[in-house]
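Using this note's numbering, the final residue of the sequence shown is 1063, and nothing's skipped along the way. Right, one structure below, let's go through it.
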Amino acid sequence: MNFKLTLGLVILLVAVTSIFLWVQSRPAETTKKEEKKNALLSPAPKAIDAVSYARDGEVQVSFTRSGEKWMMQHPVAGAGVENWQVQRIADMIKDATYAAKFEPEATGVKSLSATGLDNPRNVISFTDDAKKERKLSLGKRAGGGGVYAKLDGANTIYLIEENLVERLDKDPTDFRNKTVAEVPTEKVQTLTVQTREQKVALKRVDGKWTITAPVPARVNTAVVDALLGELRFLRAESFTPLKPESRATGLNPAVVTVTVTYEKAAEMTPPTTAASQPAMETFALALGNFTDTINKTAVYARVNGGSEVIAVNADALGKMQKGLNDLRDPAPLSAAIEGATGLTIKRGETFTLNKNGEAWQLETPVKLPADSAAVGELLTTLKNLRASKFVDGAGDLKTIGLEPPTATVSITMPNTPQQEVLLIGKPEKAEPLTPVMRQGESTVYLVRTEDLAKLAPTTTALRDKAIERINADAIREIEVAGPAVNGGKAFTLKREGADWQVVVGGKATRADDVKATSLVSELAPVTVIKWFAPGEMKAAVGGEVTVKLTLVQAENKAATTLPGAEAVGPAPVKTETRLIRMQKMGSNWVGMYEGGGQPAWPFEPSAALISKLTATTYEAPATQPATATAPAAP
430 MNFKLTLGLV ILLVAVTSIF LWVQSRPAET TKKEEKKNAL LSPAPKAIDA
480 VSYARDGEVQ VSFTRSGEKW MMQHPVAGAG VENWQVQRIA DMIKDATYAA
530 KFEPEATGVK SLSATGLDNP RNVISFTDDA KKERKLSLGK RAGGGGVYAK
580 LDGANTIYLI EENLVERLDK DPTDFRNKTV AEVPTEKVQT LTVQTREQKV
630 ALKRVDGKWT ITAPVPARVN TAVVDALLGE LRFLRAESFT PLKPESRATG
680 LNPAVVTVTV TYEKAAEMTP PTTAASQPAM ETFALALGNF TDTINKTAVY
730 ARVNGGSEVI AVNADALGKM QKGLNDLRDP APLSAAIEGA TGLTIKRGET
780 FTLNKNGEAW QLETPVKLPA DSAAVGELLT TLKNLRASKF VDGAGDLKTI
830 GLEPPTATVS ITMPNTPQQE VLLIGKPEKA EPLTPVMRQG ESTVYLVRTE
880 DLAKLAPTTT ALRDKAIERI NADAIREIEV AGPAVNGGKA FTLKREGADW
930 QVVVGGKATR ADDVKATSLV SELAPVTVIK WFAPGEMKAA VGGEVTVKLT
980 LVQAENKAAT TLPGAEAVGP APVKTETRLI RMQKMGSNWV GMYEGGGQPA
1030 WPFEPSAALI SKLTATTYEA PATQPATATA PAAP
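Here it is as structure tokens:
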């Protein structure tokens, strides 16, 4: 071999080796092909309408579908189910896939006996949306997962991926819808509560409940709402094999039966005419004895007169076993009376009060600003009146002091021409109860006498505790004198702008602004602890402490500027005085307030005011922080 040939072979060998190594070093190209699912049902149905599961030849459970709703047909025909559970099973059947299929062999792992399909224990029968009835026989589980199956009795064996038996082979009650009453309680129009002793009928009109039988009455809304709320959220705790006729259940007759009628859910139908009425449905729940007389945690129940007995929480019995007096409103008056704008109490003397904005005014027996807190207490007492007993068909009202009444309370509500009137009778001798009636009703309410005793107002209790609501900025001078004032040392506080001066014994010094401002707050306005009857202590009030207030305030005349004319100056000011005299009587102080057009009634002043007048010095300390500038005097 010559040199040129040898060289050529070497070059060729190097080239081939390089190509081989380059190919080997390249990343392998991987094409992921999506694994194709093998549909068991072909063509696949759009939906499954019925499912039945049998074990060892006996049907364990079966369901049918109407629209979107599944119902149990066995073992309890027409029983509601948890829709999602059954729908999931139906979807698993519809979308079932298999990993492998083969024809059975006489022996070996592919034989009918080895796959458990020679005599299958579990059979699922189903009907698709085309009404085609089909059958899926299920055998043994495969070692690598899945279960062997045969479809419609054919020989082919499939290894399906989902084990449907696990979904179906369980207690039928596990499929049941535990919600007892799928009732839209907000649409309930009538309610009947039938106990073994009494039947009470209620009706709702424009959202308001009333009792229609055995007597017309207003409703205790809280009790009715609690009853309907319990009905709406009530769930079955268990399903029993007992029959309603069994004495153990206490359902024949029931302890209580609650029946409601409600508007049927709207369907996609043409609109109703004006004369037509919405379709109504009825639901009835009967409750019986305790399932366990020791623990008493559940009671037997029956729905819509059916043959099945279920157990529900015993709380339902407490909220539904209600008689007339439980369901009726125990309040003689409306709960909204706290928003009243007028109040008249006739109890010997007549007291008339009217509300103007946020302020109450006493109109009779004397015209005075009223104490809003005192009026509020009267309204709260009226609102909180509750009947301990009821009397229907009381007969002779004269004998109980209701014809004529011994007292009346009339309440005016905003935007309501009709007053609420409470008639009050004579207290009973046998019990601490007093009969009252709401005008326009026949029911007599027996309320606690001690509660009605709070409805005995007096002018002294009703008068506003603030004597005169003067503006603090109007007080320019406070003269305080009398033997009880700091050892008899009279003093005068004078204000110039934001600064106060105190004059004692003719000597003026700078006043303690904080203390002076605190005294002003007690005087603007003077707030009484309580009023005494006019003339009760007037003559006894002397001058142990005398306070003279000098007020400077603008008259109620607006300054105007006329076109083409010179500007008119500021509104004129006027100076007024008020006199407060106070005398210590025993351990208490009694005061009189004169001026400002206020009726001069004796009153008990506050301890804070007495302290600031008799035991406080007003000279400024050596160093007093600067105070904010007050508005200039008018």
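Beta carbons: idealized from backbone N, C-alpha and C, even for Gly.
Beta bridge pairing from DSSP links Ala715 with Thr686, Arg731. Taking C-beta atoms under 8 Å as the contact rule, Phe780 and Pro794 qualify, at a distance of about 7 Å. Sixteen is the threshold: when 16 or more other Cβ atoms of the shown chains lie within 10 Å of the Cβ of Arg892, as they do, the residue is buried. With respect to the C-alpha of Asn512, the residue from Asp524, Lys523, Phe492, Pro504 having the closest C-alpha is Phe492. Under the DSSP assignment, Asp478 falls outside any alpha helix (DSSP H), being part of the beta strand (DSSP E) whose first and last residues are 477–484. With a 10 Å radius around the Cβ and a threshold of 16 neighbouring Cβ atoms, Asn551 comes out buried. Met709 carries a strand assignment under DSSP once its states are collapsed to helix, strand and coil. A contact between stretches requires three or more CB pairs, one per stretch, nearer than 8 Å, and the region 769–784 fails this requirement with the region 658–676.
Secondary structure at Asp557: strand, using DSSP grouped into helix, strand and coil.
Counting along the chain, Gly805 sits inside the alpha helix (DSSP H) bounded by residues 801–812. Nearest neighbour of Val622 by Cα position, chosen from Ala715, Ala708, Pro856, Ala962, turns out to be Ala715. In the structure shown, Leu1042 adopts helical secondary structure according to DSSP, grouped into three states. With contacts defined by Cβ atoms closer than 8 Å, Leu772 and Ile840 form a contacting pair.
The C-beta distance from Val970 to Val1019 rounds to 5 Å, short enough to meet the 8 Å contact threshold. Counting along the chain, Leu680 sits inside no alpha helix (DSSP H), nor does DSSP assign it H or E at all. In the structure shown, Leu663 falls within a coil segment according to DSSP collapsed to helix, strand and coil. According to the DSSP assignment, Asn724 belongs to no beta strand (DSSP E), since it is labelled neither H nor E. Its chain contains Pro682, Val684 as the residues whose beta carbon lies nearer than 7 Å to that of Arg625, once the 5 sequence neighbours on both sides are disregarded; these appear in chain order. Considering only Trp789, Val873, Glu806, Glu857, the residue with the shortest C-alpha distance to Gly824 is Val873. Each residue's CA atom was taken as its position, placing Thr711 and Lys725 some 29 Å apart. The Cβ atoms of Ala859 and Lys775 do not sit closer than 8 Å to each other. With respect to the C-alpha of Trp929, the residue from Ala651, Thr946, Pro645, Met966 having the closest C-alpha is Thr946.
Between Phe1032 and Ala890, the alpha-carbon positions lie close to 11 Å from each other. Between Gly786 and Asp902, the alpha-carbon positions lie close to 25 Å from each other. Around the beta carbon of Asn649, 16 or more other beta carbons lie within 10 angstroms, which makes this residue buried. In terms of Cα proximity to Leu797, the closest of Leu875, Ala895, Ser736, Ala816 is Ala895. Short of 6 Å from the beta carbon of Pro707, and not among the five residues preceding or following it, lie these beta carbons of its own chain, in chain order: Glu692. Classified as exposed, Ala802 has fewer than 16 neighbouring CB atoms from the shown chains inside 10 Å of its CB.
Note on geometry: alpha-carbon atoms of Thr544 and Tyr527 lie some 15 Å from one another.
DSSP places Gly747 inside the alpha helix (DSSP H), whose first and last residues are 744–749.
In the displayed model, Asn900 falls within coil according to three-state DSSP, outside both helix and strand.
For the region 521–586, the continuous beta strand (DSSP E) assignments of 3+ residues that do not extend past its boundaries occur at 526–531, 551–557, 562–570, 576–580, in sequence order.
As a beta-bridge residue in DSSP terms, Lys923 pairs with Glu906, Gln930. In this structure, the straight-line span from the alpha carbon of Asn548 to that of Asp524 is close to 25 Å.
Closest in alpha carbon position to Leu567, among Gln502, Leu580, Thr956, Ser763, is Leu580. With 16 or more other Cβ atoms inside 10 Å of its own Cβ, Met1021 counts as buried.
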